[in-house]
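Right, one structure below, let's go through it.
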């Protein structure tokens, strides 16, 4: 983010938690414990920086 101006707004995620959750679901499927399709939501956080701002009005 320090290399760009304005800094880029991002959605922060926990990649370790995402990987653990995906692996757990994969192993359950491989073991035959599938069940009905389900939706898994993991927490995210918006990190607002300059790129999410509206440009100044034209003169």
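In the working numbering, the protein residues as written are 41 to 99.
Yeah, the Cβ is synthetic: ideal placement off N, Cα and C, and Gly gets one too.
Values in this document were obtained by computation on a predicted structure and should not be read as measured data.
Apart from the 5 residues on each side of it in sequence, residue 49 sits with its Cβ closer than 6 angstroms to the Cβ of 88, 89, 91 and 92 in its chain, given in chain order.
Under DSSP, residue 85 forms a beta bridge with 52. Distance from residue 94 to residue 51 at the Cβ level is roughly 19 angstroms; contact not present, criterion being Cβ atoms closer than 8 angstroms. Across the structure, residue 57 and residue 44 are spaced so that their CA atoms are roughly 28 angstroms apart.
In terms of Cβ geometry, residue 61 and residue 73 do not form a close pair [threshold 8 angstroms].
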